[in-house]
Structures are given as C-alpha cells and as structure tokens.
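Residue numbers (my numbering): 541 to 756.
For every residue, glycine included, the Cβ atom is placed at its ideal position computed from N, Cα and C.
Note that the structure is a prediction, hence the values are computed from the model and not measured.
Reading through the structure tokens given below for one structure.
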C-alpha cells in the first residue's frame with residue numbers, strides 16, 4: 541500500500557515539474573461519467589532550493605513568498621526594521637556626541653552643542669573657550685572623557701547593527717533555502733513516536749525502564 545502511495549506521489553511530482561501545480565483528471569464517479577478536478581496537495585509541492593535562494597537574495601521575503609511561508613514575511617521585515625531603527629538611533633547619538641566633543645574642545649565660543657548633553661553643568665565651567673571665571677579644568681576633562689566614552693559606545697552599537705543587517709539578510713536566505721529543501725521531505729502518515737516502559741534484566745533481577753518506540 542505504501543509503495544503504491546509513493547508511486548502515485550512520484551507521478552504527481554513529475555507531472556508538476558513538467559507542466560503546472562494543478563492537474564485535472566477525469567474520474568467516473570457516476571454512471572453518467574461525472575468529471576472532477578483534482579488539485580495537487582500542498583504537501584507534495586516540490587520547490588527548488590536554488591530558485592528560493594536566488595529570490596530571497598534578490599529581495600528579502602521573496603523566497604518566503606515562493607515557499608508559501610507567508611507568515612514569515614512580517615518576521616523578516618520586523619528584523620530589518622528593528623535593526624534599521626537601531627542604526628538610526630545610534631548614528632544620531634554618535635553624531636551628536638561627536639559634535640559636542642568637538643565643540644567643547646575647540647576655541648570657538650559660539651559652538652555650544654554640548655549643552656544638550658551637559659544640562660547639569662554651566663557652560664562656562666566646562667568650556668575654556670568662553671573664558672568664564674568659573675571654568676574648572678577637572679570638570680572639563682571629566683566631561684570630555686564621558687563624551688569620548690559615549691562616542692565609542694554608540695559607534696560600536698551602530699557598527700554592530702550594520703553587521704546585524706548583513707547577518708539577518710543571510711539568515712533570511714538560509715531560511716528560504718532550507719524550507720525549499722525540506723519541501724519534498726516525506727513524512728509518512730504511519731510514522732509515530734511513543735515512549736513506553738520496557739522490562740530490563742539486571743543482576744538484581746528484572747526491573748522496568750523507559751524506551752522510545754518509532755513506528756514507520
């Protein structure tokens with residue numbers, strides 16, 4: 541019976557490869573010879589891993605469309621969206637702190653973008669270019685160090701976000717490839733797995749153990 545089913549599935553797959561994914565067959569169900577249209581089951585639809593890979597590489601999510609895994613498309617773009625947001629946020633903070641560091645170390649009194657990041661300090665206390673009486677070199681040095689740390693922090697996570705985009709892109713391609721590769725994986729309806737207790741002979745006498753039974 542299983543051989544017959546496998547043979548039928550093989551013939552259906554060959555028919556799909558040669559023409560389309562939907563086949564029509566005439567079946568005599570009544571004395572009048574009524575015809576019915578048979579659709580190829582989704583489980584027997586064979587996909588091309590190469591085509592799925594190329595489509596996913598051309599446009600993220602397109603490979604998932606080809607594999608008809610539509611529910612994965614929002615996940616693909618949600619990942620790209622989150623990484624894009626991280627890139628934008630870290631880039632803005634990196635640029636802001638870099639500009640603030642440049643302003644607090646230059647000799648131009650008018651450049652005070654650092655005030656955005658130092659609300660608890662008086663500008664004259666940390667910027668020597670202002671020539672204020674309350675200028676404190678120690679505070680100036682501490683603020684500079686904090687800004688350098690922030691610059692390094694946001695640059696690092698901005699760069700990691702760019703790397704994440706590349707990795708997510710590769711992962712979406714691999715996902716499409718694996719889905720297509722497994723599309724013709726035969727899962728028999730008679731395949732089952734069960735956990736059972738089994739008798740085990742030991743030196744001290746018989747005892748019970750746990751075993752796994754696979755039926756196919």
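Which same chain residues end up closer than 6 Å to residue i when comparing Cβ atoms and leaving out the 5 residues on each side of it in sequence?
i, result
"residue 626", "701"
"residue 606", "592 and 595"
"residue 654", "640, 643 and 644"
"residue 638", "691"
"residue 672", "664"
"residue 616", "600, 601 and 712"
Buried or exposed for residue i, please, with buried defined as at least 16 other CB atoms from any protein chain shown within 10 angstroms of its CB.
i, result
"residue 713", "buried"
"residue 698", "buried"
"residue 678", "exposed"
"residue 667", "buried"
"residue 687", "buried"
"residue 674", "exposed"
"residue 604", "buried"
"residue 689", "exposed"
"residue 694", "buried"
"residue 508", "In this structure the chain extends from 541 to 756, so residue 508 is not present and cannot be described."
"residue 715", "buried"
Near residue i, which residues of its chain fall below 7 Å by C-beta distance, leaving aside the five closest residues on each side in sequence?
i, result
"residue 708", "619, 620 and 623"
"residue 720", "587, 588, 589, 592 and 607"
"residue 602", "595 and 596"
"residue 680", "666 and 668"
"residue 662", "674"
Nearest by alpha-carbon distance to residue i: which of the options is it?
i, options, result
"residue 691", "601, 670 and 635", "635"
"residue 628", "705, 710, 689 and 716", "705"
"residue 669", "611, 724, 648 and 703", "648"
"residue 632", "682, 696 and 703", "696"
Give every residue of the same chain whose Cβ lies closer than 8 Å to the Cβ of residue i, excluding the five residues on either side of it in the sequence, and list them in chain order.
i, result
"residue 659", "none"
"residue 684", "641, 644 and 645"
"residue 656", "636 and 640"
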